[in-house]
Every structure is written in C-alpha cells, then in structure tokens.
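Residue numbers (the working numbering): 64 to 474.
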C-alpha cells in the first residue's frame, strides 16, 4: 500500500507553514527596514524572539506531549545553544576592536599577542587574562555552529542514557532534569567556569562583519531565520509523529511496560526523542540570544523550564501547533503586561498593576487550564475543526458474540 504524503497524514503542516509565511511577509512589509515602518525595530525583535520560544515549545511538546517525559531542563539546552554562538559573536567582535586598536603600533602584533589581548579584554571583568579551554574554537564560526547542536546534544545523550537505562520515570525523572539544570546554572555562575560568571556574554546583537548593517535590517534577517528554523523543525516533528515512530512514542507515553513487552527498544526511542528535542531547543537559543543581546546563567534557572511547560500546557500538550500557540500567546502577553502597556485595573481599595501581578495571572491560568481545559487552546481548534476523540463502544473479545463488549464499554 502506498504511504500517504505528509500533508495528507497531517493537514496542519500546510496550515502552519502558510500562516508562518504570511506572518513573516507581513512583518517584513511593515518593518522599518523593508516596509512602511509601522512596526518598530524593537517589536520586530520581540516577534523574532517569540518565534524562537515557539520553536523551544515545539521541542518540549515532542518530549512531554508525545513521549510523556516532563523535562524541566529544556531551557538548559536553550541557553547552551546561546552560549555556543555567543562565544563566536563576542570573540570575533572583540578581536576586530583589539586589532583596530593595535593597528597603529610600530610593530604589528603577532597572532599570539592578539589572542592574549582579546582574552584580557573578554575575561578581565572576572580577573583573568587567559582564554579558557572552552573557548578553543571561539574564533571559528563553523566550529561554534557545530557546537550549538553538539554540546546540548551530547549532554542530553549522556543524561538520557544514564536515566533511561536506570528506568527512572515520572516525577523522579522530572526532578532529575531540574537538578541537572540547576547544577549547570550554579556552575556557570562561578567566575572560573570559563563563561564570565554572572556577567555572562553581552553585546551579542553586534554581528561581526556586519557593522554597517543597521539593527532594523538585522532584526528582520533574524526574524526570517527564526521563521525558517521553526518551519523546518515543525515539518520534521510532524513527520516523526505522523508515522510508525510517532505511534510507538505515543504508546510509550501511554503504557511503557506494554510497549517494552512487545519487544520495542523503549530506551532507544526515548533517547532519540530526548536528544533531538535538546538539539532543536539549542537551535532556538542560538537564534534567540543574538536578538536579545545578552545571556547569563540566570537564563538556565529551573523556573525558565517551568515557564516553558506552562506554555505548552496552555497551548495544548500533544498538539505541535498547540505548543507553538501557547508559547506565542503567553510570550506576547508577557511583553504587553510587563512592558507597561496594559492599563492598571482599579479595584475597591486596591489597584492591580499588571507588571507585578502578571506572573500570578499566568499561574492561575495554568491551574484553570489544567482543571477545566486539559487540551488547552488547541482543544478549541479541534472542536471548531470537528476533530473529536473517538468514542469507545467495545469490541468482541471472546468466543461468545458480545461477551465482554458491554463490560468494556462501561469501563
């Protein structure tokens, strides 16, 4: 039997890609760089970062919504991707500045002297003048792009192999992922970690070699890159969950023991999805932080991964587009409330300032969604599209026609 194309097996792919293309084109035509200027550069950056967060939510949904692992360490991979690309951005920019300053010397500096001057410029803030071993490839864009996916991928592979082979499941696995994230954040906070401690990496919005390109143009370019990455990863994720592979990981989510007894290598499936999700999340981080301009260890704290889980739950767990909707909606609402754009809510004897109460409202919405709308925002779209869960009426399970049918229907 001929296998149906992905578009027929998962019609949402075409809808998501079309909406993403229309959105990107509209923002471009309204931007200050390529259009009427209605949308300011700061808003374009917010929208670009929002697409990156949607990509991280997509990866989170693969792990949690389809595989059933509530990973509270996804934002660790997100930040690691940012650190890897941030090393090159900071090194190359500092090298250009130092080289220009030393160009007037009577004797041109050697490569070693230039390297030492760059190291002193970057790490002088933490009392060091040497380039750490972790920065050995910081001068090479190609190497750092490989490390963007290699470092988080290897970390996820090692962690997953140890955890899954020990058959750690449920809340214990969630606690382990949270502990991993906290340990990594605390290590990065140290000045001798090689990543400038609490200072983090800054000035990442200044792209080396593009000094003459205004931020208005760069913001649109990053918007394009973020949209392209989201589109490609959505197609990849939809392809994975639409075939036999997707059926197996959903079965693992629902009844891992039964799938193992059927002969499937459960640990292998879990390891593939966990590692792939980490790499996708790292790509999102590598695109996010050049638009944010700075990264520090606070970005790795477990609360960030909890926020990510909240976005996925609000959008609709187990629906790729639902995870994206949740991340986009909450991110934009957060920017609106915390940016002081939301009007204060006067109450008898008290005025609610959304800058202070936004996180309370977010937590309350998570509780309400969990209790009354477990399918999230995506459940609304399912109902509008007429996609309802199948109704069970039981099957013939014994030699006597309908022997267990009624009993199963009532179960």
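Glycine included, each C-beta is placed from N, C-alpha and C at the ideal position. Quick caveat, the model's predicted, so the values are computed rather than measured.
Backbone CA spacing between residue i and residue j [nearest angstrom]
i           : j           : result
residue 471 : residue 356 : In this prediction, residue 471 scores a pLDDT of 48, lower than 50, which makes its location untrustworthy; no coordinate-derived value is stated.
residue 298 : residue 343 : 12 Å
residue 207 : residue 143 : 11 Å
residue 282 : residue 106 : 9 Å
residue 249 : residue 286 : 32 Å
residue 153 : residue 260 : 15 Å
residue 370 : residue 439 : 15 Å
residue 309 : residue 303 : 6 Å
residue 414 : residue 426 : 20 Å
residue 76  : residue 384 : 9 Å
residue 79  : residue 295 : 11 Å
residue 389 : residue 348 : 18 Å
residue 164 : residue 278 : 24 Å
residue 68  : residue 113 : 30 Å
residue 243 : residue 169 : 51 Å
residue 400 : residue 410 : 18 Å
Contact belief for residue i with residue j at Cβ below 8 Å, rounded distance in angstroms
i           : j           : result
residue 397 : residue 421 : 7 Å
residue 366 : residue 146 : In fact, because the Cβ distance is near 19 Å, the residues do not count as touching under 8 Å.
residue 315 : residue 131 : 7 Å
Beta-carbon contacts of residue i that lie in its chain and below 6 Å, excluding the five residues immediately before and after
i           : result
residue 424 : none
residue 381 : 128
residue 469 : Confidence is the limiting factor: at residue 469 the pLDDT is only 49, short of 50, which leaves the residue's position unreliable, though a coordinate-based value still follows. So the list is empty, once near-sequence residues are dropped.
Cβ neighbours of residue i in the same chain (closer than 7 Å, five flanking residues each side left out)
i           : result
residue 219 : 140, 337, 338, 341
residue 436 : 442
residue 73  : 301, 305
residue 156 : 266, 269, 271
residue 214 : 143, 147
residue 332 : 311, 312, 315
residue 149 : 264, 267, 352, 358
residue 361 : none
residue 329 : 315, 319, 322, 323
Beta-ladder partner(s) of residue i, from DSSP
i           : result
residue 265 : 357
residue 384 : According to DSSP, which records beta bridges pairwise, residue 384 is partnered with nothing at all.
residue 408 : 415
Cβ neighbours of residue i in the same chain (closer than 8 Å, five flanking residues each side left out)
i           : result
residue 188 : 259, 262
residue 346 : 118, 144, 211, 212, 292, 296
residue 184 : 157, 160, 161
residue 203 : 151
Min CB distance residue i to chain D below 7 Å
i           : result
residue 288 : Annotation note: the requested chain D is absent from the structure, which comprises a single protein chain.
Contained alpha helix (DSSP H) runs [length at least 4] in the stretch 88 to 161, N- to C-terminal order: The alpha helix (DSSP H) runs of length 4 or more contained entirely in the stretch 88 to 161 are, from start to end of the chain, 104 to 124.
Beta strand (DSSP E) runs contained entirely in the stretch 252 to 324, provided each spans 3 or more residues: Within the stretch 252 to 324, not a single complete beta strand (DSSP E) segment reaches 3 residues in length.
Segments assigned alpha helix (DSSP H), at least 4 residues, entirely inside the stretch 151 to 230: 174 to 186, 204 to 228, all fully within the stretch 151 to 230.
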